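Novice: According to mature numbering (1 follows the signal peptide of the UniProt record, and there is no 0), the stretch in the sequence shown is residues -18 to -1, 1 to 980, in order.
Have a look at this one.
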Amino acid sequence: MLVALVILTVISLNGLWALPNKPNPSIIIVGTGPSGIAAATRLLKNDYNNIVILEAENRIGGRINSVKFGDAYVDLGAEFCHGQDDNIVYSLVKDLGILQPHTSQVTAYTSNGEIVSNTLAKKILQLEEFLEATDTSPSQCDNAQSVEECLDVHFKYLAKTGIVTKESEIVINSYDWVKNQLCLMDSPFDLNDLNITSAYKKCKGDLGLNWNGLGYKTILQVLMQKYPNPDNQLPIDDKIFLQKDVVKVTNWQQGKVTVVTKDGTRYKADHVILTPSVGVLKSNYRSLFNPPLPKEKIQAIENIGFGAILKIMLHFPDKWWDNNTDWVLMWTPEHKKNLTAENLDWLNALTGTITAENNPNVLISWYGGKYVPEIEALSKSEVERGINYFLTAFFSSSYNVTFPDEILRTNWYSNPHFNGTYSYESVKGYLAAGSRLPDKLAAPLLRNDNTPSILFAGEATHPYYFSTVHGAIETGYREAERLINIYKNIYKKSSFTHCYSYYLVFGMFCLLVVLAVLALDRSGAVLGTSSPAIVIVGSGPSGIAAATKLLKHNFTDIIILEAENRIGGRIHSIQLGDAYVDLGAQFCHGEENNIVYSMVKDLEILKHSNQSVRYVRSNGEIVDKAITEKIRKFQKSLEASEDGKNGCGDVSSVGECLKIQTSLFTKTITDHKESEIIQDSYDWMKNHLACLDSPLDLCDLTLISAYKKCDGDLGLNWNGLGYRTILDIMMQKYPNPDNQLPIDNNILLQKQVVKINNWNQNGKMVIVTADGDRYKADHVILTPSVGVLKAKYKSLFNPALPEDKVKAIKNIGFGATVKVVMHFPVKWWDGNADWPFIWTAEDKKKLKQENLDWLSTISSTVQGENNEKVIISWFAGKYVPQIENLSEVELRRGLERLLMSFFSAKYNVTLPDTIIKTNWYSNPHFRGTYSYESVKGHLIAGDKLPDKLAVPLVKADGTPSVLFAGEATHPYYFSTVHGAIESGYREADRLIRFYNIK
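As structure tokens, then:
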């Protein structure tokens, strides 16, 4: 009894001695615009990492949307950093050398091609300045309530000053231009709705700082610490869920808030930070909140003004205008009549055109006012007709005008995820509440216990920087700080209570402990053992599999050390275009006995590819079906050779077998053209086989393989979600994040392991990382690629590895393939095809002359899944290291040659605006893509090398110390994700069994 009392007292005292854990509430952030990203990053920096960020779009950024167009990025949304003093955007980037002033000279044109004199242009521009001054001096407008009323007053004022003399016609015509310009600045469709006085504050300094061709997206990279040094990035990527349109926020008055997305997924959180535009709130507040919003919140949402402006980006094949020029464009009365006759009234909304920064062939035209919704709804041909009309009207007298070859138009108003561009102070809102509506919108919703449940951020919630990115960021920080301060106070109070309680219990403990020592000593009681310390090296599929299985079996002392700045290993899904693309593992290979398929088959994630295969020659010719069938038959016979079903004599490598089979096969072809195509396809076949197994030389790939295919579809794809989904499923973040395992806090990124000490001694091992940190563990599960082991095994292990292990590492084959992912501004090909590329003998000679030999190693090209503007090309074989080292210029030159050779005969080819090239071979954390059975390895040990690699290292007492997982350790599913996952589970099970037996 005494022993029991002491034990209970010790437990109580131990709990009281330790300060309570710092709170880590669950937080959902709705929206990844600047306010959402600001809130998330501020929380992460303060160690609040239980965060989910839901984004309705298929990209992050919100009303920041920078896209590659021409030679640089253009901004479809926010474009300029407005001012310097007290501007948080400027403060964040001022020392990075990113921002530059917009230095173009302004020239005013009328639509009959006349250039307005500088003197008169300045007087017209004074209209803007006068009206802006009315924000602080409304008396100048005779008590007018709206900007429209004030504008009328000011034109009467101008008439009295004598400005309107012989040039009066131009001044009168400028009335419409000024209206559009004011609509452009504040976004209303009607200036009668824009209040004449405003609480808006300008930041002093340059109001037109631009991003030097990098795009406003750079501020997001800076917030997430991906720029300027991506090694310092915050762990935010895995917390962002794209295409998650929130349709319901319920139970906000009590307990956890439930957030429901359009796809039916439900999330629960202690707090929700809501950042959508006030336009979205206007459209959805009635259906979004349950229970309904309080009256004051509704008043704010309904009465804050919210409109839209529009940009049209024009790319020209050649620049035909002067350098560093912006244009104010004003229609004459005659041309306005013509616009009506031509059904082009929408062009009345045009205010001007500017030259894009660092983008010499791009102009940006701006539109404001009542026609914005109509312009968004126009067909592409109607837009082109209007653009050509205004270019001719304004510029043909001064320039040799050519028309754009590409046009990009914004659609903020019609996009239901935005419903406009930015907020303004409306007349109705000002009459209802003065300038206090942003504060009313910003007030959080509270639970019955007065804790904040829903917090509101976004530019419209800023009292004086509304409509700006710097305002949006400040509001995101504001709401993050609101939560941080709440939990800081809770933590302080809790800490005080614990310390006080400790001293109350301490006296009782001292009294009992003396008596207990003797009793405990006599009884020899054992209180039990704690969870063993386990370090998992690598967060690829095998590492995540091992960690999740251990966590499910109550192993809690786990650390996962990851050398990269992300999790996933050779799974690397990134957002590009309309969906995710996979830079690493891409397909689920088969169904039967495939653990990946088993885990996801009921979630309706995987889909069968519907791509048709079209063999294309480099002269643009599509290979006819009869020859295609012969090539495919030839391909299958070669793949059968790897299974030992088709002899190649005494040869031992796939490379040798391919030569023999090609020679035999071509002898069966009598038609000259067919024979030529079959001979040309030899290199394609080499590339195809190298792509399947990854050797740089097929003569190193053994002909007989233990690899097993899983029956079923070998090319199941992830429906645009990316292979990363399997990681979320293993961690139980998907489909219901409420069930996620407590793994995030166990993962340490950018921790490259450089030494594993004392693995053969009883006691704990010491693991050292490149930054000098040291970790002690009872067991290490090692999951890096065999490529990394080949490069590092001599320096990594102390003491050195046994001979059998070294033999396995040295002789398992490990190579690489390269993917090049291309995004295009428009889709110029038809259908959804898989194109195997066959170079003609003549073109291969030309490639050598052009120093483009590397193009000969292309295997095939496919369209991205759910991503119709994306093409993915695979390269394999000896040129892989060279391709990874190509400069961007060399890569673009080669890809242009590739696309024009194979496609220009049939399609009007445009070049990609974004190119991403993989670098698995040159990345020291991977050293390649996947393993294969080498000729040398097969001669030494048959198919036993994976098993030898998988055998754990043991301590002096036989306890497993270093356990090996990863695809290369699987005896027959090597080179696959399902093999990697099985190996991770295998090593976790090894420890589970060990401790159960023990």
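Built from N, CA and C at the ideal position, the CB exists for glycine as well.
Because the structure is a prediction, the values reported are computed rather than measured.
1. Could you please give the first and the last residue of the uninterrupted alpha helix (DSSP H) stretch that includes Pro420?
2. Would Pro857 pass as a contact of Ser841 if the rule is Cβ separation under 8 Å?
3. I'd like to confirm the pairing. Which residues does DSSP put opposite Glu388 in its beta bridges?
4. Expressed to the nearest angstrom, what Euclidean distance is found between the alpha-carbon atoms of Met312 and Thr392?
5. From the DSSP output, read off the bridge partner residues of Arg599.
6. Beta carbon of Asn155, beta carbon of Glu339: below 8 Å?
7. Rounded to whole angstroms, what's the CA-CA distance from Tyr381 to Leu834? Just pull it up for me.
8. Do Leu558 and Cys630 have their C-beta atoms closer together than 8 Å?
9. Go through its chain and collect everything with a Cβ distance to Thr450's Cβ below 7 Å, but skip five positions before and after it.
10. Comparing alpha-carbon positions, which option in Phe908, Gln845, Ser521, Ile35 lies nearest Ser767?
11. In three-state terms, what does DSSP make of Ile286?
12. Which same chain residues end up closer than 7 Å to Gly919 when comparing Cβ atoms and leaving out the 5 residues on each side of it in sequence?
13. Which ranges would you report for the alpha helix (DSSP H) in the region 338 to 421 if only whole runs of at least 4 residues count?
14. Going straight from the alpha carbon of Asn575 to that of Lys583, what length do you get?
15. How far does the beta strand (DSSP E) with Gly846 in it reach, from first residue to last?
16. Which of helix, strand or coil does DSSP assign to Ile974?
17. Below 8 Å, can you find three or more Cβ-Cβ pairs linking the region 527 to 546 to the region 559 to 575?
18. How would you label Val344, buried or exposed, when you count the other beta carbons within 10 angstroms and need 16 or more for buried?
19. Do Gly43 and Lys184 come within 8 Å of each other at the CB atom, strictly closer than that value?
20. Would you call the region 36 to 51 in contact with the region 220 to 239, where contact means no fewer than 3 C-beta pairs closer than 8 Å?
21. So the alpha helix (DSSP H) Lys230 belongs to, where does it begin and stop?
22. Can the beta-carbon of Leu723 be found less than 8 Å from the beta-carbon of Gln714?
23. Quick check: the region 87 to 103 against the region 298 to 312, are at least 3 beta-carbon pairs closer than 8 Å?
24. From Ile963 to His805, what distance separates their C-alpha atoms?
25. Express the C-alpha separation of Glu850 and Phe819 in angstroms, rounding to a whole number.
26. So who's on the other strand from Cys692, going by DSSP bridges?
27. Expressed to the nearest angstrom, what Euclidean distance is found between the alpha-carbon atoms of Met712 and Gly702?
28. Gln203 to Asp421, Cα distance in whole Å?
29. Using the C-alpha atoms, what's the distance from Leu205 back to Pro906?
30. For Val808, count neighbouring Cβ atoms within 10 angstroms of its own Cβ and tell me buried if that reaches 16, exposed if not.
31. Consult DSSP for Gln215 and reduce its assignment to one of helix, strand or coil.
32. Is it the case that the Cβ atoms of Ala424 and Pro16 are separated by a distance below 8 Å?
33. Note down, in chain order, each residue of its chain lying with its Cβ closer than 6 Å to the Cβ of Leu74, except the 5 sequence neighbours on either side.
34. Which two residues bound the contiguous beta strand (DSSP E) that contains Trp309?
35. Who are the Cβ neighbours of Tyr209 in its own chain at under 7 Å, not counting the five residues just before and after it?
36. If you count every other CB in all the chains shown that lies within 10 Å of the CB of Thr337, and 16 or more means buried, which is it?
Specialist: Once the coordinates are examined:
1. 419 to 424
2. The question names Pro, but residue 857 is Phe in the sequence shown. Yes, the Cβ-Cβ distance between Phe857 and Ser841 is below 8 Å.
3. DSSP, once it has assigned bridges, lists His297 as partnering Glu388.
4. Whole-angstrom Cα-Cα distance: 22 Å.
5. Answer is Ile820, bridged to Arg599.
6. Not a contact, by the Cβ cut-off of 8 Å.
7. 40 Å
8. Not in contact: Leu558 and Cys630 (Cβ atoms no closer than 8 Å).
9. His64, Glu441
10. Phe908
11. coil
12. Asn793, Ile794, Gly795, Leu927
13. 354 to 359, 362 to 377, 409 to 415
14. 12 Å
15. From DSSP, the beta strand (DSSP E) with Gly846 extends over 840 to 846.
16. Reduced to three states, the DSSP call for Ile974 is helix.
17. no
18. buried
19. Taking 8 Å as the Cβ cut-off, Lys184 and Gly43 do not qualify as a contacting pair.
20. yes
21. Counting along the chain, Lys230 falls outside any alpha helix (DSSP H), though it belongs to the beta strand (DSSP E) covering 228 to 232.
22. yes
23. yes
24. 31 Å
25. 20 Å
26. In DSSP, Cys692 forms no bridge with anything.
27. 19 Å
28. 29 Å
29. 27 Å
30. exposed
31. coil
32. no
33. Val204
34. Where Trp309 is concerned, the enclosing beta strand (DSSP E) stretches over 307 to 312.
35. Thr200, Gln203
36. buried
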